[in-house]
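For reference, the structure is listed below as structure tokens.
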Amino acid sequence: MLPLAIGLFGTLLPALNYLPSLGHNELSTTAFSTLFNHPTTFSATWLTLRVGWISTFISLCLALFLFACFYLRPSWRWINAALSPVLATPHAALAVGLSFVIAPSGWLLRLTSPALTGFDYPPNWQTTQDPWGVSLILLMVLKETPFLLLMLLSAAKSVPIKQTITLAQSMGYHSSIAWLKLVLPQLLPPLRLPICAVLAWSLSAVDVSVILGPSTPPTLSVLVYSWFNDADIALRLQGAAGAIWLLGLNLASIAVLFVLPRIAWPWLQGWLVNGQRRGLLSHINKLGTAVAVSYLILIISSLFVLAIWSITKQWRFPDPLPSQWRLRYWQQTLDQFSPTLINSLSLALLSAAIALLLSVVILELETRQAQIAKHRANPLRYVALFYLPLLIPDIAYLFGIQVSLVFTGLDGQYLPLLWGHLMFVLPYCFLSLAPYYRRFDSRYWHQAMLLSGSPWRSFFQIKLMMLLPALFSSLALGFTVSMTLYLPTLFIGGGRFPTLATELVALVAGADRRLIAVYALLLQGLPLLMFVAALALPRIIFRHRKGMRI
Amino acid sequence: MRFCCEQFSITLEGKVLFAPLNFNAQGGEQVCIMGPSGSGKSTLLSAIAGTIEPIFRCHGDLRLNNNSLIGQNLANRKVGMMFQEDLLFPHLNVAQNLAFALPQGLCADQRRDKINQALAAADMAGFNTRDVATLSGGQRSRISLLRTLLAEPKLLLLDEPFAKLDKPLRQSFRQFVLSHIQAAQIPAILVSHDLSDAEDCQVVELCIP
Chain A
1 MLPLAIGLFG TLLPALNYLP SLGHNELSTT AFSTLFNHPT TFSATWLTLR VGWISTFISL
61 CLALFLFACF YLRPSWRWIN AALSPVLATP HAALAVGLSF VIAPSGWLLR LTSPALTGFD
121 YPPNWQTTQD PWGVSLILLM VLKETPFLLL MLLSAAKSVP IKQTITLAQS MGYHSSIAWL
181 KLVLPQLLPP LRLPICAVLA WSLSAVDVSV ILGPSTPPTL SVLVYSWFND ADIALRLQGA
241 AGAIWLLGLN LASIAVLFVL PRIAWPWLQG WLVNGQRRGL LSHINKLGTA VAVSYLILII
301 SSLFVLAIWS ITKQWRFPDP LPSQWRLRYW QQTLDQFSPT LINSLSLALL SAAIALLLSV
361 VILELETRQA QIAKHRANPL RYVALFYLPL LIPDIAYLFG IQVSLVFTGL DGQYLPLLWG
421 HLMFVLPYCF LSLAPYYRRF DSRYWHQAML LSGSPWRSFF QIKLMMLLPA LFSSLALGFT
481 VSMTLYLPTL FIGGGRFPTL ATELVALVAG ADRRLIAVYA LLLQGLPLLM FVAALALPRI
541 IFRHRKGMRI
Chain C
1001 MRFCCEQFSI TLEGKVLFAP LNFNAQGGEQ VCIMGPSGSG KSTLLSAIAG TIEPIFRCHG
1061 DLRLNNNSLI GQNLANRKVG MMFQEDLLFP HLNVAQNLAF ALPQGLCADQ RRDKINQALA
1121 AADMAGFNTR DVATLSGGQR SRISLLRTLL AEPKLLLLDE PFAKLDKPLR QSFRQFVLSH
1181 IQAAQIPAIL VSHDLSDAED CQVVELCIP
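Those protein sequences? They're chains A and C, same order as listed.
Just so you know, we're using this note's numbering here: the first sequence kicks off at 1 and counts up by one.
Just so you know, we're using this note's numbering here: the second sequence kicks off at 1001 and counts up by one.
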């Protein structure tokens, strides 16, 4: 938590016009007044709020809708299987793929032209980077829905959904109304923190906004980022003020999210018990399959189009597929960018491994603590602490961290960069491992201790081995998070450590689609490979152990 | 081997769970502890085994061969425990489960012989590489007991080990346990609320004060 505080402080001081290295020594609110007098600040703020709230709202509705439609059906297995690979997709790679599909010269129009549309040339539409942020919202919905579905799934484990629905149906309620009135009120409270994380990310994401977001004005985070990088270093102060402004918007939005249910609850209670058993929503669940299928088609085509582009030599506009193919871009890229690949891989593997180790240590200490303490330590307090970096826009403290690193002469070095990655990777590793670790049956531990008398053997041979599948998937998640980090890599690495994520966003500005596709595919493929390995390895190791299947 | 329980009681936040207990158990003898649910039967066993949570306080003395168990750490107690569930480690096969319990310092041949002997005693010779998840309930219980005994305990604790088994299995498994503790000449303390478990053995009632 310390770096977070240092970072925020380090951003707040320049925002208050205090940055001695640039000759600003007095506290004042000049930076804020230039910020609010800047012509694009308010339009960017409005855009940011709109995109963030709309995409969060749609993601939540879509996740709840899909969950209600499929959870009790056998086809849930398919959705469940699709969750992990989609979650493992770095959002920048998905953004690039999506833009290749929906752009005026994208795959969607290539497949339908000229037969359906009559176009021989790409139309002059703005379907990506559109001024309303529709394509950005679409991407955020695509990316956040599976995350919310996963969170719903873990919340649903403690709710007897099937029995509740059956009971309500026996009273004459339609199943969709039973979902709304009885199941949802039980599922939403544990979903509060994940929704906040989604909202915070949607309000502050930089990399995907650069790829798909509008440019005049850009979203607030992109605007702030461009001020931080401007050749005119005086704009740093304005950037810091903007970052604090973004932080304020973010905190205010989260506060609204917490207050909203309290205001709505008294009003909703009447509706819950008004006895209405059917409604307009009774038939909407028939749309579930259509929604799920179009969602999957959009995701799969986004990834597939990357693969096609990466081996394309020539692809004229209305052709559905390239006319000439070649692998040269792959060879060329693999020859050139080995330092980029090595940076990405070493950062991801090291930070994920260290984060996993720390998570295990913290959780084991927590378990011991819980045995000694009279009552179990309230795990929610821990969780909130780990959620903190996910609830605050990273640009708000990264600049402060950068300033303090420059001040101590540690900027642009490998170890601080690794530590910066760790700061983002640890929460994910911890949060994904914690439920499994806490659920470990302590009697197995007692039995192992009584049999062997050795804490080391009981810990390594029994506890960790029984938790191996959970450890593997936590490692894979940490790896993915590190691979996708864009802003932290740039800020803390001082631009000296190109990774796949930073290179990809840099390329999108103008380079060849074929080259972009190669980078995006690599960024997409490596985490996917890790996830497949994390799923497959325990299955191979324990292939003769029925008791180890989850 | 001889186990003595002298004026032993447990308190939770100053509240006594059961009236002070006094009993002795000789090697090869079973003591059956009975009492209503919530009277602290399992807590008593965990106090003897050393896995009791620190919020409980123990009073009186527990002596195994005239050495007090109070305050001793788990590794030095040499007490074996069988829980209500068999708790076979799901990631290890039958032989590996047994091997985990064997004392260290044996050579590979000795370990293999001990495991094979134990399996033969349970009519389960040749089950070495079987996945424990594929065993029947009775087989699992037998492996669990054998595993506990291979750690060479000086006292055996059984926490309702028969509750999960059906009637005919119960009878044969009870005989299996009895024959093994008599062969090893160690005392056994059994917790149960089924009267049929208390046949032909010393019964200690836990009374809520």
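Beta carbons are placed, not taken as given, at the ideal position from N, Cα and C, and that holds for glycine.
Note that the coordinates shown come from a computational prediction; the quantities given were computed from them, not determined experimentally.
Taken through DSSP and simplified to helix, strand or coil, E366/A comes out as helix. Distance between V224/A and T41/A, taken at the CA atoms: about 9 angstroms. When the Cα atoms are used, H1193/C and I354/A turn out to be separated by approximately 49 angstroms.
The three-state secondary structure of M548/A, taken from DSSP, is helix. With a threshold of 8 angstroms between beta carbons, Y444/A makes contact with chain C. Put simply, the stretch 1132 to 1147 of chain C touches the stretch 1081 to 1100 of chain C. At least three CB pairs are less than 8 angstroms apart. Considering only beta carbons, the part of the stretch 455 to 480 of chain A lying closer than 8 angstroms to chain C consists of R457, Q461, I462, M465, M466, L468, in chain order. Here the stretch 423 to 439 of chain A does not lie against the stretch 494 to 502 of chain A, with fewer than 3 beta-carbon pairs under 8 angstroms apart.
Not flagged as an interface residue toward chain A: T1043/C, since no C-beta distance is shorter than 8 angstroms. Among the residues of chain A, those whose CB is under 8 angstroms from the CB of V1079/C are L450, following chain order. DSSP, reduced to helix, strand and coil, places I1189/C within a strand of the structure shown.
The Cβ neighbour count for D1061/C, taken over all protein chains shown within 10 Å, is under 16; the residue is labelled exposed. The DSSP-derived three-state label of E1006/C is strand. Closest in alpha carbon position to W227/A, among P217/A, Q238/A, P218/A, is Q238/A. Nearest CB-CB separation between F542/A and chain C: below the 8 angstroms threshold.
Contacts with chain A at 8 angstroms (Cβ-Cβ) do not include T1011/C.
Its Cα nearest to that of M140/A, the residue T89/A stands out among T89/A, A533/A, P427/A.
For the stretch 1188 to 1208 of chain C, there are no residues whose beta carbon sits under 8 angstroms from a beta carbon of chain A.
For a Cβ distance threshold of 9 angstroms, nothing in chain C lies close to K286/A: the least Cβ distance comes to about 41 angstroms. S474/A places its beta carbon less than 8 angstroms from that of S359/A. With respect to chain C, the C-beta atom of Q447/A has a partner C-beta closer than 8 angstroms.
Going by C-alpha positions, G1071/C is about 25 angstroms away from K463/A. G1080/C: member of the beta strand (DSSP E) spanning 1079 to 1082, first to last residue. Annotation for P393/A: A200, L203, S204, S221, L246, L247, N250 place their beta carbon closer than 7 angstroms to its own, counting only its chain and skipping 5 residues before and after. Look at K181/A here: in three-state DSSP terms it is helix. Interface with chain C (8 angstroms Cβ-Cβ cutoff): M548/A is included. Inside the stretch 27 to 78 of chain A, DSSP marks whole alpha helix (DSSP H) runs of 4 or more residues at positions 30 to 37, 41 to 70, from first to last along the chain. In summary, the residues of the stretch 1039 to 1073 of chain C whose CB is separated from some CB of chain A by less than 7 angstroms are A1049, T1051, E1053, P1054, I1055, in the order they occur in the chain. In terms of CA proximity to F459/A, L365/A leads the group L485/A, L365/A, T333/A, L60/A. Remark: C-beta atoms of L187/A and A156/A approach each other more closely than 8 angstroms. Only residues of its own chain outside the window of five on either side were considered, and among them P416 have a CB closer than 8 angstroms to the CB of L410/A, listed in chain order.
Residue contact with chain C for R539/A: absent (no Cβ-Cβ distance below 8 angstroms to any residue of chain C). Spanning the alpha carbons of Q1030/C and L1074/C requires a straight line of approximately 22 angstroms.
Sequence-distant partners of V159/A (beyond 5 residues in either direction) whose C-beta falls short of 7 angstroms from its own C-beta, in its chain, are V183, Q186, L187. The beta carbon of L1012/C lies closer than 7 angstroms to those of I1055, F1056 in the same chain, with the five residues before and after it left out. When DSSP states are grouped into helix, strand and coil, L108/A belongs to the helix group.
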